[in-house]
Amino acid sequence: MEMPNLSLALPELLLVLGAMALLMLGAFRKDDATRTVSLLSVALLGFVALMVWGLGGERATTFGGMFVIDGFARFAKVLILAASALAITMSVGWLEREKLSRFEYPLLMLFATLGMMMMVSANDFIALYVGLELQSLSLYVLAAYQRDSVKATEAGLKYFVLGALASGMLLYGASLIYGFAGTTGFTQLSQVFHAAHGQPHAGVIIGVVFVLAGLAFKVGAVPFHMWTPDVYEGSPTPVTAFFSAAPKIAALALLTRVMLGPFGELFAQWQQIVILISIASMVLGAFAAINQTNIKRLMAYSSIGNVGYALIGVAAGSEEGVRGLLIYLAIYLFMTVGTFAVILSMRQKGRLLEGIDDLAGLSRSQPMMALALAIFMFSLAGIPPLAGFFGKFYIFLAAVNGGLFTLAVLGVLTSVVSAYYYLRIVKVMYFDDPVESFDRPVSRALGLIMAGSAAVVVLLTIVPAPLVAGAQEAAKSLFPTG
Amino acid sequence: MVYIAIVFLPLLGAIVAGLFGRWVGDRGAQILTTSLIGVSAMLSVPVFIKIALGGGTAVVPLMHWISSGTFDVSWALKIDTLTAVMLIVVNWVSFMVHVYSIGYMHHDTSIARFQSYLSLFTFFMLMLVTSDNLVQLFFGWEGVGLASYLLIGFWYEKPSANAAAIKAFVVNRVGDFGFALGIFGVYYLFDSVQFDVIFAAGPEKADAVVTFFGTDWHALTIISLLLFVGAMGKSAQLGLHTWLPDAMEGPTPVSALIHAATMVTAGVFMVARMSPLFEYSETALTVVTIVGASTAIFAATVGCVQNDIKRIIAYSTCSQLGYMFFAIGVSAYEAAIFHLMTHAFFKALLFLGAGSVIHAMSDEQDIRRMGGIWRHIKWTYALMLVGSVALAGIPPFAGFYSKHMILEAAYASQGAAGTYAFWMGTLAAFLTAFYSTRLLVLTFHGKPRANEHVMAHVHESPMVMIGPLVVLAVGAVLAGLVAKGWFIGDFREAFWGDAIVVLAGHDTIEAAHHLPGWVGMLGTTVAVAGIGTGVLLYVFAPGVPGLLASLFGPIYRFFLNKWYFDELYGMLFVKPAFALGRGLWKSGDGAVIDGIGPDGVASASRDIARRLGRMQTGYLYHYAFAMLIGVASFVTWFIIRMG
Amino acid sequence: MIPAIMFYVFAALAVAGGVMVISARNPVHSVLFLIMVFFNAAGLFLLLGAEFLAMVLVIVYVGAVAVLFLFVVMMLDINFLKFREGFLQYLPIGALVGLVLLVELVMVFGSWAFAPEIAAGLAAPTPDAQTMNNTEALGRVLYTQYLYLFQAAGVILLVAMIGTILLTLRQRPGVRKQVVADQLARSAKDTLEVRKIPSGGGI
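Chains as they are written, first to last, in the working numbering: chain U, 43 to 524; chain F, 74 to 716; chain E, 28 to 230.
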């Protein structure tokens with residue numbers, strides 16, 4: 043047994059060591075260390091992101107083939123790290139205002155991020171499961187963070203129980219696959235299925251279905267989405283902001299890797315399932331959101347719909363599809379983080395508001411905030427020329443080139459329906475009579491995140507080339523031969 | 074560099090005024106945006122001289138944009154004669170409107186925001202006219218739509234302004250859908266969206282067909298018609314015109330800039346730009362002719378019986394756009410653009426003049442409550458007179474040259490559609506002269522019908538408002554006389570260069586120069602007759618119009634209610650949606666459903682939404698059940714599929 | 028023969044215990060049945076020759092987890108009957124879904140085939156029980172081949188610890204706690220004062 047090549051996992055090692063060091067710092071400081079720990083966490087995440095980027099996108103495995111780095115993992119990790127850093131930044135002010143400062147909060151986010159990085163780098167079912175559980179466990183705790191709020195504890199409990207059920211399904215599927223194929227390693231599985239000429243035993247297919255169900259729960263796709271609205275609404279808002287970005291990216295990246303890697307040879311078998319899930323998610327995301335009056339719940343349904351779009355990229359099963367997916371995720375990250383920055387600024391007399399009606403007349407009292415939210419909404423609705431349009435464009439392009447016309451047409455139709463509720467927010471902000479205005483000033487961190495995300499959404503419209511090129515390169519690494 | 078400056082200076086102004094309005098202040102925002110547009114306007118003159126008069130085309134690549142397989146789009150500015158003309162029109166009218174707004178909006182509370190929107194609009198419009206590919210054009214196209222939405226709804230405290238903004242947005246989306254499909258079609262057929270590539274490949278694809286629904290269709294006809302649907306939405310042609318009159322809810326300078334001079338002519342510009350494709354489809358050209366001519370006569374009839382000063386001018390705009398389109402339909406693109414330019418000057422003049430009247434009359438817009446004010450606002454009166462005469466087409470004012478060229482070209486094109494267009498256009502010319510006269514007489518002459526309180530306040534507008542009017546009036550007087558040689562006269566071939574393509578047999582402008590004399594005389598004759606009728610009815614026999622209205626009651630009401638288009642759409646699309654959705658909506662959201670209703674899904678969506686909402690019970694075991702059923706059904710599906 | 032009989036006994040008891048866990052009316056009984064399931068599962072492990080796993084199951088699950096459950100159930104005075112109200116209502120659907128899944132899985136497993144060519148190339152074949160006992164074999168791979176997973180599992184436990192403390196630890200003001208260091212640091216000098224008191228007089 044040779045020594046594993048630790049240098050490949052250097053970012054993860056640094057993250058875990060840094061998190062433990064910060065844990066010590068928090069535990070032994072006499073006064074409240076939340077702010078210090080948060081800032082250091084953000085710095086740590088930034089540094090790790092640089093390191094991930096610096097490691098390059100050459101495919102390599104370590105730890106006995108259980109851990110893989112490649113262009114795909116690199117791209118996804120950078121997005122995840124950025125999302126986590128933004129989420130921690132957004133939380134600090136909230137923690138202090140709500141008098142909920144606990145230094146464990148940023149640390150749990152760090153550990154969740156570590157779990158996500160392990161997920162996207164997993165090259166073995168056990169590694170996948172361990173990463174997934176590390177992430178999930180941290181998220182369960184975060185969901186219930188506001189432990190004196192009934193809603194938050196209920197959200198945490200629901201998430202935990204259903205998450206355990208989903209994990210059970212995933213494990214059951216993985217054990218079936220192990221039983222029929224004799225291995226849990228992705229590389230070996232791919233070889234086994236290649237040898238079977240894409241016609242494996244029925245038990246393997248059942249296993250794949252169970253694995254897919256477990257992963258679909260993690261991304262929040264229909265019919266495994268039911269937790270999403272309740273958890274989004276019940277959890278503390280900065281936690282929801284975190285949920286809506288980083289874990290989605292990680293789970294989708296993981297799903298993509300699993301489906302196109304070890305199960306790539308079984309494409310013909312699982313493609314229809316992914317198509318079904320994708321359609322159901324798009325339709326539900328579009329229609330169920332219409333009646334919502336709580337903006338966090340609305341964003342939950344929006345995230346379900348967006349996962350549906352992203353899954354089109356998986357269903358296409360091509361390099362182009364994965365590229366579309368990665369572009370979509372990158373753009374979605376900034377749209378959703380920006381939107382949540384606005385939601386976190388909806389504070390009136392010190393109380394955080396969540397109603398869509400509370401936004402009425404925002405264009406008058408806080409024109410800049412209204413403009414930013416309008417940009418995010420227009421972009422989420424996919425109205426050209428904003429970045430969200432390009433995300434959808436590349437996804438639909440892949441679907442059409444993959445011959446999935448039905449999926450593309452349904453995607454366009456549901457995005458028309460969903461445009462309705464996104465634009466309703468714009469309408470409320472710009473055309474309704476103002477209600478009482480929000481507290482001023484908006485905290486500097488939130489303002490910066492809002493402005494920065496809006497700038498990115500607009501800039502990606504004008505210069506999408508670097509993003510497209512990066513996603514192209516990342517997608518290529520999942521299809522080594524061609 | 075000059076080109077880039079022309080396009081991006083307005084954007085700079087918009088950004089600074091919009092984002093930093095609080096720091097630069099209202100006055101600062103006004104000065105900044107106006108002077109930046111001013112610089113753009115000045116710069117476009119040498120560009121016009123160099124490109125249009127000197128001949129040639131300039132392409133300025135900016136940066137790479139989208140690249141995916143063979144789909145490759147870059148940001149680039151393409152300046153040819155067509156663009157140079159549009160640059161002059163857009164920049165100068167915009168400049169004048171900016172200056173005018175300083176005076177007009179001085180009571181308003183959000184001046185910086187207004188100036189920012191105006192500049193933003195100008196930027197998108199410049200982007201639209203300077204683009205060198207369809208996607209960038211679409212970018213500008215959507216951008217002007219957005220700016221127009223923001224500006225129509227500028228006074229958002231008025232519910233009618235909200236409704237109008239949303240109506241404009243939604244109706245335009247219908248058109249944009251056609252346009253987007255047209256772009257897809259172009260890409261499908263030519264594998265490119267670059268103008269140069271498409272136009273070069275146009276002749277060889279002239280006979281290409283596409284097959285769907287089991288039938289072969291002429292590809293260029295399909296594409297041209299789809300693009301034309303987009304143009305119809307933006308240029309308010311019959312069927313998709315309903316938003317334009319409502320858009321008058323916006324501030325008057327906006328109506329002048331967007332809904333008269335520039336944005337609504339974007340459709341005309343786009344079709345003229347795509348002339349190398351339209352030329353190969355007789356069917357598409359015929360459709361364009363018929364729609365244009367029908368719009369011209371429809372809007373003119375409605376314009377005759379409206380009472381809101383801005384709506385009269387709005388319907389007039391609609392009618393004149395119809396002229397431009399049927400000119401295009403008979404392949405007289407040059408005449409269409411010529412009319413576009415002259416129209417921009419005199420229609421902006423009329424709108425801004427109307428704004429000056431409204432300003433003077435303490436925000437009164439109904440001409441039945443005006444009258445007898447010409448003594449008090451002599452400048453405005455004189456300038457409105459110039460604008461109206463130019464609109465009516467009396468020589469030697471600008472409208473005369475362009476409108477007559479269009480009518481003659483229609484006559485010269487021979488075909489049935491051309492003949493229809495000629496007679497409808499002539500009739501519309503008569504009505505145009507008539508309603509222009511009616512407007513002038515009712516507004517300025519006769520006994521004052523406003524109350525004393527208003528009359529006591531009637532005052533001439535400040536110089537900052539009159540000044541732009543004078544500049545536009547000079548344009549309205551001279552533009553036709555000066556430019557006719559280049560646009561439609563002897564120098565036109567050198568002037569237009571490659572910007573417009575007309576097939577050999579289609580040159581109606583040349584043919585129009587050799588027509589029997591009566592054709593040329595007819596237009597002027599009906600214009601004079603129209604003015605005469607107007608003077609007769611409203612000055613000498615003011616009782617007659619009312620008599621006529623009651624005598625021909627049904628026809629009058631038909632015109633007054635705009636041919637019942639809004640009611641028809643209401644009945645077909647909005648009512649059913651309302652009936653289903655009633656009780657579910659709060660009253661405040663009515664405006665939205667009004668807009669969303671046209672595609673008929675609003676209420677159905679809400680119903681589905683409620684059902685889905687009920688599924689979300691909040692019970693943990695329900696959720697767990699849903700997951701289990703989901704996984705079980707997937708497995709079952711596989712078992713069944715594998716047999 | 029005997030191992031086969033043992034297998035069916037353990038397996039049947041485990042399944043029966045599982046049914047009782049969810050159907051017992053008294054939650055304490057449920058936990059006790061759960062313990063029974065654990066014991067039978069340990070028996071199955073033993074039959075497979077995995078004595079280490081069998082012992083771990085007994086020690087950890089029976090000795091710690093199940094006992095913890097018992098404490099929780101007894102200390103939290105929850106009306107479990109109320110929880111079960113919806114049970115019968117959903118029983119038919121649940122049974123149907125379960126049945127469908129069961130039939131399908133039986134159909135699939137009817138033709139079980141452990142990919143033969145794989146068995147030879149397994150990453151870590153179970154070593155011969157004669158040469159190396161089970162515990163040692165696990166130990167050999169746990170810290171080498173599965174180092175990554177072992178460490179990651181450690182991090183998960185750390186997160187579980189942090190989470191528990193975060194969600195349950197409450198620092199209330201005014202609670203007196205024993206601080207041993209403080210107690211040890213005190214010397215007689217600080218606390219004791221010897222005074223001479225004249226007999227018959229007060230202080």
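Cβ coordinates follow ideal geometry from the N, Cα and C atoms, glycine included.
Note that this is a predicted model, so its numbers are computed, not measured.
F:L693 belongs to the set of residues whose beta carbon lies under 7 angstroms from a beta carbon in chain U. In this structure, DSSP gives U:V451 a helical state, which the three-state scheme calls helix. Between the alpha carbons of F:M336 and F:T107 lies a gap of roughly 19 angstroms. One Cα belongs to U:V510, the other to U:I369, and the distance between them is close to 7 angstroms. Rounded to whole angstroms, U:S387 and U:T279 show a C-alpha spacing of 10 angstroms. Residue state for U:W95 is assigned as helix, using DSSP reduced to three classes. A Cβ-Cβ contact shorter than 7 angstroms links F:L150 with F:V133. Setting aside the 5 residues that flank it on each side, F:M200 is surrounded in the same chain by G213, each with a C-beta closer than 6 angstroms to its C-beta; the list follows chain order.
Judged by pairs of C-beta atoms under 8 angstroms, the region 316-328 of chain F touches the region 423-440 of chain F, as three or more such pairs exist. Across the set F:L317, F:S297 and F:L554, the C-alpha of F:L554 shows the shortest separation from the C-alpha of F:M414. Proximity of U:I248 to chain F, defined by a Cβ-Cβ separation below 7 angstroms, is satisfied.
Out of F:D153, F:A279, F:W148 and F:Y173, the CA that lies nearest to the CA of F:L126 is found in F:D153. U:F480 sits buried, since 16 or more C-beta atoms from the chains shown fall within 10 Å of its C-beta. A residue is called buried once 16 or more other Cβ atoms fall within 10 Å of its Cβ, and U:P508, having fewer, is exposed. At a cut-off of 7 angstroms between beta carbons, U:M108 contacts chain E. U:Y147 has its alpha-carbon roughly 21 angstroms from the corresponding atom of U:V172.
Taking the CA atoms as reference points, U:A402 sits about 41 angstroms from F:C377. Taking the C-beta atoms as reference points, U:A516 is found nearer than 7 angstroms to U:F117. Pairing F:A334 with F:A241 gives a Cβ-Cβ distance that is not under 7 angstroms. One thing to note: U:F473 has its Cβ no nearer than 7 angstroms to the Cβ of F:N524. In this structure, U:Y464 sits near U:L422, with a CB-CB distance shorter than 7 angstroms. When U:T78, U:L308 and U:G227 are compared, the shortest CA-CA separation from U:L137 is found for U:T78. Taking 9 angstroms as the Cβ-Cβ cut-off, the region 134-159 of chain U approaches chain E at R144, E146, Y147, L149, L150, F153, A154, L156 and G157, given in chain order. With respect to chain F, the C-beta atom of U:M161 has no partner C-beta closer than 7 angstroms. Residue pairing by DSSP leaves E:M82 without any beta bridge partner. Per the Cβ contact rule, the region 103-110 of chain U is in contact with the region 153-169 of chain U (3 or more Cβ pairs under 8 angstroms). Distances from the alpha-carbon of U:P289 to those of U:F228, U:A238 and U:V379 put U:V379 closest. For U:G88, the three-state secondary structure derived from DSSP is helix. The closest CA to that of U:Q514, considering only U:L52, U:A115, U:V58 and U:R71, is found on U:A115. Counting only runs of 3 or more residues that sit fully inside the region 267-302 of chain F, the beta strand (DSSP E) segments are 282-285 and 288-291, in chain order. Bridge partners of F:W316 according to DSSP: none are assigned. In this chain, the beta strand (DSSP E) harbouring U:F109 covers F109 to I111. Secondary structure of F:T335 (DSSP, three-state): coil. With contacts defined by Cβ atoms closer than 7 angstroms, F:A274 and F:L193 do not form a contacting pair. Annotated as distal: F:R448 and F:R522, with beta-carbon spacing of 7 angstroms or more. Between the C-alpha atoms of F:H137 and U:L318 there is a straight-line separation of about 37 angstroms.
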